[in-house]
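Inspection log for the structure reproduced underneath, given as structure tokens.
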Amino acid sequence: MGNVDDALWDVEFASSDNGLHVAASWATDDGVHLLWSLDGGETWSTPEDVDANGGDSELYWSADGSTLFMSYSREDSEPNQIAVVVGTANGSSVVLGDPEYLADCSDGECDTEGAVSADGSKLLVTWMSSGDGISVAESDDGGTTWNTTVIAAGPEAFDDSEIDAQVVMSPNGAHAVVAWERGIEEDSSDEVIYVAARNAEGWSDPIRAGSNADGSDSDDPRLAMSEDGQRVAIAYEYEPPDGEGERAEVAISEDGGLTWSSPVSVEGSEAFDDDDPAIAMSDDGMTIVATFERDHDSNDLTYLIGAVASHDGGETWTSPRWVSAGNLEGRDPTIAISNDGHRVMIAWESFDHAGAWSAQVVRSDDGGKSWSDPVSVSKQHADKVDGTKVVLSGDGRTSAVAWHLDDYESDETIEALETASTYMPLRCEAANGHPFTDVSAASYLGSLSVNSRSTFPVGNHVDCLYRLGVSKGTSATTFSPDDYVTREQMAAFLARMHVEFNGETCTGPQPFGDVAVTSFAYDAIGCIAELGVTTGTSAITFSPADYVTREQMAAFLARMYEEFTGETCTGPQPFGDVAVTSFAYDAIGCVAELGVTTGTSAITFSPADYVTREQMAAFLARLWRTVT
């Protein structure tokens with residue numbers, strides 16, 4: 029995405045569950061605008077002017093990609109108003125409806141927050157007004173009609189209208205929670221966090237959540253919710269009564285926000301900077317990851333981005349992982365998590381003290397237990413990178429980041445909105461569990477053992493292939509681990525690995541006359557022939573029903589490694605039963621060097637033996653862990 033036509037601010041970013049539907053909105057002196065992509069950010073629509081009086085906006089895609097929902101404040105209208113726009117994706121474009129004005133707003137700023145159900149039928153928007161309190165408008169028909177409820181009335185309902193109320197809603201729309209900050213007593217500067225929860229019985233009265241000590245100060249709540257709407261996490265900034273040890277805290281609700289646990293202090297977040305924390309939760313509510321910004325040194329020169337994770341629904345937490353580079357400033361992190369909680373992305377704006385700015389991201393493939401090194405997704409800018417937002421598809425394969433540029437010296441916005449998107453194949457550090465009842469936990473394929481000469485992460489090989497979609501089993505509940513693998517089955521496995529690795533359909537002409545058009549592997553065989561992974565058993569035959577030998581498997585895997593990495597694969601030959609004249613001599617040395625095989629003994633490979641499905645699972649999973 030390139031430049032837009034005016035100075036801009038308040039960039040918002042949203043994505044559907046499959047990552048293909050992406051949208052960005054922003055404000056200018058000429059109102060509020062948006063554009064969208066229906067191919068994961070590869071191409072973008074022309075920017076569309078939504079409302080000439082529009083100001084700060086919030087943007088949401090329904091999980092199924094059918095509905096684009098924007099809420100915003102009309103700050104240049106008289107009186108100020110709360111407005112929404114609903115767009116419908118029709119396959120090739122997004123058709124926006126007319127703005128709907130929900131309420132007048134007595135404040136100069138009435139910023140909104142919203143949510144949309146997975147199918148786009150239920151919409152919610154909340155806002156704060158000093159004259160009216162905190163209001164929620166809801167639609168159960170995709171935005172055709174709206175009902176408004178005041179969930180906290182009067183000017184004492186909240187403390188600061190410049191701090192937005194936060195909202196989260198379950199995918200089916202049955203549960204919702206709104207959080208905000210307010211004074212403990214009227215005219216008190218001490219602040220605590222309040223929430224209101226909605227279920228089938230309607231909205232609750234305001235409920236205190238988090239630390240409640242007199243003299244304390246709790247700010248900037250952020251929410252995350254499980255798929256069933258029962259588990260809710262809230263992260264916020266906390267300053268104790270003595271003013272020492274400002275830190276991040278997290279509290280958990282197990283009943284949709286009606287009652288809350290005692291808060292847990294985030295270890296390592298002391299000297300917490302006065303900026304928003306961020307939090308995300310897996311669909312099952314077990315994995316919760318929070319990110320925050322903290323002071324790095326006594327001179328207040330460098331700020332670090334930290335992350336903590338819980339894998340038991342918030343009962344225990346990891347120690348903080350400092351994910352940003354220590355020699356760079358890290359500011360204003362945002363977070364996204366895959367549905368299963370395995371993949372997590374954190375993005376932030378970063379700069380060095382020479383004045384070079386960039387947007388940076390890190391990735392975790394194990395629910396926040398470990399993190400990649402930070403990567404710059406933007407080029408370095410002399411202008412300030414600001415408003416960085418990250419989104420992640422539900423399956424974790426596709427991520428996109430958006431940011432805009434400010435004139436750092438004058439703190440004025442300039443004409444640039446930028447995005448970066450990427451496809452990321454899944455990894456196998458984390459296990460989902462497979463459904464196969466015939467895979468023994470005692471077998472080498474079902475155990476947690478790995479090749480002792482490798483550095484592969486511990487994991488279940490069958491589980492890895494099942495998670496990737498490479499193997500679907502021989503039935504819904506069986507894997508048939510002792511069965512031999514046919515050549516057409518092997519082609520299907522390899523083609524699916526190629527698709528997962530590259531995120532693209534793999535096709536090719538069918539050069540072999542013995543492959544039936546009705547074969548489940550017809551396209552897969554064409555794919556691996558086009559890639560050069562197979563040359564068949566002759567120029568015109570593939571022998572699809574023949575069993576795969578171990579030397580054939582080695583040749584397939586070595587060629588796939590070269591296809592994935594672009595590198596020639598070689599290694600010494602450790603096995604005495606592999607003839608120098610074997611077509612797979614170098615390939616066997618390659619896969620041994622990679623640690624993909626240890627042979628049938630320390631000195632034998634048994635090249636002519638057939639490959640069983642459990643052996644195939646081990647070979648393929650080890651190769652996958654090597655290339656990802």
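For reference, each letter of the sequence shown is one residue, going 29 to 656 in the working numbering.
Idealized CB from N, CA, C, for every residue including glycine.
Could you compute how far the alpha carbon of Ala181 sits from the alpha carbon of Ser94? Residue mapping note: residue 181 aligns to position 153 of the sequence shown, counting from 1. Residue mapping note: residue 94 aligns to position 66 of the sequence shown, counting from 1. The alpha-carbon atoms of Ala181 and Ser94 are separated by roughly 35 Å.
Work out the CA separation of Glu579 and Pro635 for me, nearest whole Å. Looking up residue 635 in the sequence shown gives position 607. Looking up residue 579 in the sequence shown gives position 551. Between the alpha carbons of Pro635 and Glu579 lies a distance of about 5 Å.
Note down, in chain order, each residue of its chain lying with its Cβ closer than 6 Å to the Cβ of His203, except the 5 sequence neighbours on either side. By one-based count along the sequence shown, residue 203 stands at place 175. Only Asn227, Gly257 and Gly284 meet the Cβ criterion.
Distance between Val467 and Glu642 (C-alpha atoms, nearest Å): Against the sequence shown, residue 642 aligns to sequence position 614. Against the sequence shown, residue 467 aligns to sequence position 439. Going from the Cα of Glu642 to the Cα of Val467 covers about 9 Å.
Give a yes or no on contact between the region 388 to 406 and the region 349 to 361, applying the rule of three or more CB pairs nearer than 8 Å. The region 388 to 406 and the region 349 to 361 touch, with no fewer than 3 CB-CB distances between them shorter than 8 Å.
Contact between the region 364 to 373 and the region 410 to 420: three or more CB pairs below 8 Å? Using a C-beta cut-off of 8 Å, the region 364 to 373 makes contact with the region 410 to 420, since at least three inter-stretch Cβ pairs fall below that distance.
For the candidate residues Pro602, Thr609, Val639 and Glu267, whose alpha-carbon lies nearest to that of Thr626? Position 598 of the sequence shown, counted from the start, is the residue given in the question as residue 626. Checking every option, the nearest Cα to that of Thr626 belongs to Pro602.
Measuring only the C-alpha atoms, how far is Val205 from Val223? Walking along the sequence shown from the start, residue 205 turns up at place 177. Walking along the sequence shown from the start, residue 223 turns up at place 195. Between Val205 and Val223, the C-alpha separation is close to 7 Å.
Identify which residue in Ile568, Thr562 and Val498 has its Cα closest to the Cα of Ala649. Counted from its first residue, the sequence shown places residue 649 at position 621. Here the closest residue by C-alpha is Val498.
I need the straight-line Cα distance from Val702 to Ile365, nearest angstrom please. Nothing about residue 702 can be reported from this structure: the residues present for the chain run from 29 to 656 only.
Option in Glu255, Ser232, Arg275 and Gly161 with minimal Cα separation from Gly238: For the purposes of this step, residue 238 is identified with residue 210 of the sequence shown, where counting begins at 1. Put simply, of Glu255, Ser232, Arg275 and Gly161 the residue whose alpha carbon is nearest the alpha carbon of Gly238 is Arg275.
Would you mind reading off the limits of the beta strand (DSSP E) that contains Trp37? Indexing the sequence shown from 1 puts residue 37 at position 9. In the DSSP annotation of this structure, the continuous segment of the beta strand (DSSP E) that includes Trp37 starts and ends at Trp37 to Ser43.
Nearest to His49 (by Cα), restricted to the options Ala428, Thr628 and Ser101: The residue given as residue 49 occupies position 21 in the sequence shown. Checking every option, the nearest Cα to that of His49 belongs to Ala428.
Evaluate Pro199 with the Cβ neighbour count: other Cβ atoms within 10 Å of its Cβ, from every protein chain shown; 16 or more gives buried, anything less gives exposed. Counting from one through the sequence shown, the residue named residue 199 turns up at place 171. Pro199 comes out buried.
From which residue to which residue does the beta strand (DSSP E) around Ala364 run? As a working mapping, residue 364 is identified with position 336 in the sequence shown. First-last of the beta strand (DSSP E) with Ala364: Glu357 to Ile365.
Evaluate the contact criterion for the region 557 to 577 versus the region 503 to 510: three or more CB pairs, one atom per stretch, below 8 Å. Between the region 557 to 577 and the region 503 to 510, the count of Cβ pairs shorter than 8 Å is below three; the stretches do not touch.
Count the other CB atoms, across all protein chains shown, that sit within 10 Å of the CB of Phe540; report buried if there are 16 or more and exposed otherwise. The count along the sequence shown starts at 1 and reaches residue 540 at position 512. So Phe540 ends up on the buried side.
Could you give the residue range of the beta strand (DSSP E) that holds Glu86? Residue numbering aside, residue 86 sits at position 58 when the sequence shown is read from its first letter. Counting along the chain, the unbroken beta strand (DSSP E) around Glu86 starts and ends at Ser85 to Trp89.
Assign Pro339 to buried or exposed, taking buried as 16 or more other Cβ atoms, counted over all protein chains shown, within 10 Å of its Cβ. Here residue 339 is taken as the residue at index 311 of the sequence shown, counted from 1. In the sequence as displayed, the identity of residue 339 is His instead of Pro. Flag for His339 reads buried.
Coarse secondary structure for Ala384, derived from DSSP in three states: Here residue 384 corresponds to residue number 356 of the sequence shown, with the count starting at 1. Assigned with DSSP and collapsed to three states, Ala384 falls in coil, not helix or strand.
From which residue to which residue does the beta strand (DSSP E) around His61 run? Mapped onto the sequence shown, residue 61 falls at position 33. His61 -> beta strand (DSSP E) spans Gly59 to Ser65.
Contact under 7 Å by Cβ, Pro26 with Ala306: There is no way to answer for residue 26, as the model of the chain reaches only from 29 to 656.
Every unbroken alpha helix (DSSP H) within the region 86 to 128, with a cutoff of 4 residues, ordered by chain: The region 86 to 128 contains no whole alpha helix (DSSP H) run of 4 or more residues.
Quick one: is Pro75 buried, meaning 16 or more other Cβ sit within 10 Å of its Cβ, or exposed? What you label residue 75 is simply residue 47 of the sequence shown in a count that begins at 1. Here Pro75 is buried. Its C-beta has 16 or more other C-beta atoms within 10 Å.
Which of the three DSSP states, helix, strand or coil, is assigned to Asp180? One-based indexing of the sequence shown puts residue 180 at position 152. Note that residue 180 corresponds to Ala in the displayed sequence, not to Asp. Assigned with DSSP and collapsed to three states, Ala180 falls in strand.
What do you reckon, are the CB atoms on Ala583 and Ala557 nearer than 7 Å? In the sequence shown, the residue the question calls residue 583 occupies position 555. In the sequence shown, the residue the question calls residue 557 occupies position 529. Going by beta carbons, Ala583 and Ala557 fall outside the 7 Å limit.
Between Lys407 and the rest of its own chain, which residues show a CB-CB distance below 8 Å, the 5 nearest in sequence each way excluded? As a first step, residue 407 must be located in the sequence shown, where it is residue number 379. Cβ neighbours of Lys407 beyond the five flanking positions: Ser386.
Opening and closing residue of the alpha helix (DSSP H) in which Val490 lies: Reading the sequence shown from its first residue, position 462 is the one you call residue 490. DSSP places Val490 inside the alpha helix (DSSP H), whose first and last residues are His489 to Leu496.
What does Gln194 pair with, by DSSP beta-bridge criteria? Translated into the one-based positions of the sequence shown, residue 194 becomes position 166. Residue pairing by DSSP places Gln194 opposite Ala207 in a beta bridge.
Could you say which of Phe529, Leu433 and Thr447 lies nearest to Trp37 if we only look at CA atoms? Reading the sequence shown from its first residue, position 9 is the one you call residue 37. The residue from Phe529, Leu433 and Thr447 with its alpha-carbon nearest to that of Trp37 is Leu433.
Sequence-distant residues of the same chain with beta carbon closer than 7 Å to Thr593, five excluded per side: Here residue 593 refers to the residue found at position 565 of the sequence shown. Excluding residues within five positions, the ones whose Cβ falls inside 7 Å are Val655.
Rounded to whole angstroms, how far is the Cβ of Ala143 from the Cβ of Leu152, which I believe are closer than 8 Å? Mapped onto the sequence shown, residue 143 falls at position 115. Mapped onto the sequence shown, residue 152 falls at position 124. The pair is a contact, with the Cβ atoms about 5 Å apart (cut-off 8 Å).
When you compare only the Cα positions, how much space is there between Asp160 and Val490? Within the sequence shown, the letter at position 132 stands for residue 160. Within the sequence shown, the letter at position 462 stands for residue 490. Using only the alpha carbons, I get a separation of about 58 Å.
Completely contained beta strand (DSSP E) runs for the region 227 to 288, where each covers 3 or more residues: Uninterrupted beta strand (DSSP E) stretches at least 3 residues long and entirely within the region 227 to 288 occur at 235 to 237, 245 to 253, 260 to 267 and 275 to 281, given in chain order.
Taking all protein chains shown into account, decide if Lys500 is buried (16 or more other Cβ within 10 angstroms of its Cβ) or exposed. For the purposes of this step, residue 500 is taken as residue 472 along the sequence shown, with counting starting at 1. Residue environment analysis places Lys500 among the exposed positions, since fewer than 16 neighbouring C-beta atoms fall within 10 angstroms of its C-beta.
Rounded to a whole number of angstroms, what is the C-alpha to C-alpha distance between His381 and Glu357? Working through the sequence shown from its first residue, we reach residue 381 at position 353. Working through the sequence shown from its first residue, we reach residue 357 at position 329. So the alpha carbons of these two residues sit roughly 8 Å apart.
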